[in-house]
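Participant: After the structure tokens below, expect a handful of questions from me.
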């Protein structure tokens, strides 16, 4: 492994570095644990930011700094203890005080490693309820943030934009695949007007944008020794969005009974136990600030995200597989079909979902 001490020396770290080694299996950024020798000095997490995905690193870090600063103030005002384990702390560089450093080729950042903490990978009703509570609380704490945030990935969850990308792919038909996927395009087209509801409601002034996490996986929460949620992590995609982003994105993967590229469609179903657990947790912590129109459209959010992912997979297949990594020639086609099957299962459960939500929504 490349010697990374020249990078860490650019940050105002305490202690003597004892060891630097890879940490975790993240798909976007390269992450390393930095161990220090002194018992009173913290350990650190060093990350190389993927600036090909996050093209405006200054915007990215501004969003993260604003969010962590606001959450820290909230925790202090509430008299919470152990705050340094309940919110991420980023270290400034020694040159200009920014929370990132550019070495001429790559962008780097350092945060304090949260000790005696762990994550979970398994999606169970219990972990889903915890996730719902954690991400709902995260949104609730940021409702009154007084700093303006930008989209770290422009149009990330913009359904109108994703449909436009698909239409452009169909018009170009770069590798001659449109004819074979016409039935899938028909499935997408007949739902298109319903699925851009969020953008339409926003333009009508009926649906607000919130500060959302936008990557609500179960392993993006840290737990303490007693399995209490400490904090939400992996803040790269924190940005203004509709609350549907955090609610629907979790259910797309968490409540799916199969992998997102399952070729046997009989295995692809919407797990109502996971839905109920996540929704209970989410409404418990976010219910106080949600508007009636946001609560009413939570089932729409559950359908929106498999639909959006089907659109993205299909556009990539039509373009000749230029974006997502594939393991075999029809991989994006298989992914598309699985997402549409997931969508159909969500639609079948929608009446039951509406009843469940109505019974638990704040009065």
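Numbering (the working numbering), first residue to last: 603 to 965.
For every residue, glycine included, the Cβ atom is placed at its ideal position computed from N, Cα and C.
Report back the beta-carbon spacing between residue 687 and residue 826 to the nearest angstrom; my notes put them in contact at under 8 Å.
Facilitator: The pair is a contact, with the Cβ atoms about 7 Å apart (cut-off 8 Å).
Participant: Given that a residue counts as buried once 16 or more other Cβ atoms are within 10 Å of its Cβ, and exposed if not, what is residue 792?
Facilitator: Result: exposed.
Participant: In or out: residue 649 buried (at least 16 other Cβ within 10 Å) or exposed?
Facilitator: Classification for residue 649: buried.
Participant: Which residue from 727, 731, 764 and 608 puts its Cα closest to that of residue 706?
Facilitator: Ranking 727, 731, 764 and 608 by Cα distance to residue 706 puts 608 first.
Participant: Closest to residue 641 by CA distance: which of 620, 647 and 654 is it?
Facilitator: It is 620.
Participant: Quick one: what's got a C-beta closer than 6 Å to residue 911's C-beta in the same chain, skipping five residues either side?
Facilitator: Result list for residue 911: 941, in chain order.
Participant: So if DSSP puts residue 823 in a beta bridge, which residue, or which two residues, is it bridged to?
Facilitator: Paired residue(s): 834.
Participant: Under 8 Å by Cβ, that's how I've got residue 909 and residue 797 pegged, so tell me the actual separation to the nearest angstrom.
Facilitator: Correct: roughly 5 Å between the Cβ atoms.
Participant: Would you call the CB atoms of residue 769 and residue 919 closer than 9 Å?
Facilitator: Result no, Cβ atoms of residue 769 and residue 919 do not sit closer than 9 Å.
Participant: Tell me whether residue 943 is buried or exposed, calling it buried when 16 or more other Cβ atoms sit within 10 Å of its Cβ.
Facilitator: Looking at its Cβ environment, which holds 16 or more other Cβ atoms inside 10 Å, residue 943 is buried.
Participant: If we count the other Cβ atoms within 10 Å of its Cβ and call it buried at 16 or more, is residue 823 buried or exposed?
Facilitator: Buried, by the Cβ-count rule.
Participant: Report yes if the C-beta distance between residue 721 and residue 821 is below 9 Å; otherwise report no.
Facilitator: Contact: yes.
Participant: Alpha carbon to alpha carbon, how far is residue 680 from residue 914?
Facilitator: Distance between the alpha carbons of residue 680 and residue 914: 42 Å.
Participant: Hey, out of 949, 958 and 873, whose CA is closest to residue 897's CA?
Facilitator: With distances taken between Cα atoms, residue 897 lies closest to 958.
Participant: Per DSSP, residue 622 forms a beta bridge with which residues?
Facilitator: Note: residue 622 sits in a beta bridge opposite 636.
Participant: Okay, do the stretch 728 to 735 and the stretch 743 to 752 touch, 3+ Cβ pairs below 8 Å being the bar?
Facilitator: Counting Cβ pairs under 8 Å, fewer than three are found: no touch.
Participant: Using the rule of at least 16 other Cβ atoms within 10 Å of the residue's Cβ for burial, across every protein chain shown, is residue 603 buried or exposed?
Facilitator: Exposed, because fewer than 16 other Cβ atoms sit within 10 Å of the Cβ of residue 603.
Participant: Going by C-alpha to C-alpha distance, which of 631, 645 and 623 sits closest to residue 617?
Facilitator: It is 645.
Participant: Quick check: what's the CA-CA separation for residue 902 versus residue 832?
Facilitator: Roughly 30 Å between the two C-alpha positions.
Participant: My understanding is that residue 856 touches residue 725, with C-beta atoms under 8 Å, so please give their C-beta distance in whole angstroms.
Facilitator: Indeed, because the Cβ distance is near 5 Å, the residues count as touching under 8 Å.
Participant: Consult DSSP for residue 809 and reduce its assignment to one of helix, strand or coil.
Facilitator: Looking at residue 809 - three-state DSSP - the assignment turns out to be coil, as it is neither helix nor strand.
Participant: What number of angstroms, rounded off, separates the C-alpha of residue 654 from the C-alpha of residue 812?
Facilitator: Near 26 Å, if we compare the C-alpha coordinates of residue 812 and residue 654.
Participant: Give the secondary structure of residue 603 by DSSP, where H, G and I count as helix, E and B as strand, and everything else as coil.
Facilitator: Looking at residue 603 - three-state DSSP - the assignment turns out to be coil, as it is neither helix nor strand.
Participant: Less than 9 Å separating the beta-carbons of residue 582 and residue 838?
Facilitator: No answer is possible for residue 582: it lies beyond the span of the chain, which begins at 603 and ends at 965.
Participant: What residue from 882, 810 and 872 has the CA that sits closest to residue 844's CA?
Facilitator: Answer by Cα proximity: 810.
Participant: By Cβ distance, which residues of its chain are closer than 8 Å to residue 878, with the 5 residues on each side in sequence left out?
Facilitator: Excluding residues within five positions, the ones whose Cβ falls inside 8 Å are 727 and 958.
Participant: Give me the Cα-Cα distance between residue 767 and residue 794, rounded to the nearest whole angstrom.
Facilitator: Using only the alpha carbons, I get a separation of about 13 Å.
Participant: Among residues of its own chain, excluding the 5 on either side of residue 782, which ones have a beta-carbon nearer than 7 Å to its beta-carbon?
Facilitator: For residue 782, where only same-chain residues beyond five positions count, there are no Cβ hits under 7 Å.
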